[in-house]
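Right, one structure below, let's go through it.
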Amino acid sequence: MKHTANIITAGRVASAILMLFTQPLSLPFFGLYTVGGVSDMIDGTIARRLGTAGKFGARLDSVADLLFLMSAAYKLLPALRDSLPVYTLWAVCAISGIKIITWVAGTVKFRRLCFLHTYMNKLTGTLAFLLPYFFRSGVFAALVYTVCIIALLAAIEEFVCVVKMKKYNAETTGFFKFFI
């Protein structure tokens with residue numbers, strides 16, 4: 000029970016590695032992709048409910064998130080490249096630029112890499128995770144557009160949070176906290 004959340008998070012690491020050996024958008028790929036995504040959605044909740052949340056688990060979660068994202072991007076981007084709307088690359092570059100600036104600002108300000116778990120970041124992650132399931136649908140381009148807008152707003156919000164924070168708190172829910 001004590002390590003349940005960390006075991007679930009480690010499952011995301013395993014699914015990320017195994018995804019590298021599957022055909023993108025195949026049944027085995029989607030099985031591993033789903034396991035990794037669901038583990039991301041439940042590991043933190045389980046850790047908090049069991050009272051086992053800690054620094055190690057939070058760091059493991061961030062590493063697992065990064066590995067899962069990199070593995071999924073490595074497999075999906077070549078498969079989806081020709082179907083992605085033209086603006087997607089520009090949006091990803093803008094969002095990545097803001098995220099990098101935020102990480103640099105957080106590192107300078109708090110002497111650590113800052114990954115905030117805002118509601119907007121969680122919404123962005125959930126929507127981006129769902130995109131491949133809609134690849135063959137007629138709404139894929141509209142969903143990509145929506146995710147890009149929300150991700151841009153989330154990146155801006157994260158930057159504002161890092162600038163406004165007096166003390167680092169990864170669980171900051173959003174920038175409204177700083178204006179109320």
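Heads up, the sequence shown is in numbering that gives the first Met the number 0, so the first residue is 0 and it goes up one at a time.
The beta-carbon is built from N, C-alpha and C at its ideal position, and this holds for glycine as well.
Comparing C-alpha positions only, which one of the options sits nearest to residue i?
i	options	result
His94	Arg48, Met164, Asn120	In the sequence under discussion, the amino acid at residue 94 is Ile, which differs from the His named in the question. Checked all of Arg48, Met164, Asn120; the closest Cα to Ile94 is Asn120.
Phe134	Leu79, His116, Lys98	Leu79
Gly36	Leu83, Asp60, Trp102	Asp60
Ile6	Ala46, Pro23, Met18	Ala46
Lys1	Thr21, Leu24, Asp42, Gly124	Asp42
Met69	Tyr167, Val159, Val12	Val12
Phe174	Pro23, Lys165, Glu157, Tyr167	Glu157
Thr87	Leu151, Gly53, Val103	Leu151
List the endpoints of the continuous alpha helix (DSSP H) containing residue i.
i	result
Asp39	26-49
Could you tell me the alpha carbon to alpha carbon distance between residue i and residue j, rounded to whole angstroms?
i	j	result
Thr226	Val143	Here the chain comprises residues numbered 0 to 179, so residue 226 is not present and cannot be evaluated.
Gly105	Thr33	31 Å
Leu66	Ile16	8 Å
Thr44	Ile99	28 Å
Lys166	Ser14	34 Å
Pro77	Phe109	37 Å
Leu112	Ile148	24 Å
What residues in its chain sit with their C-beta under 7 Å from that of residue i, if we drop five residues either side in the sequence?
i	result
Leu83	Val143
Is it buried or exposed for residue i, if we count other Cβ within 10 angstroms and need 16 for buried?
i	result
Leu75	buried
Pro27	exposed
Suppose the cutoff is 6 Å on Cβ atoms and the five residues either side in sequence are ignored; what does the same chain contact list for residue i look like?
i	result
Ala63	Thr8, Arg11, Val12
Val159	Phe174
Ala90	Cys147
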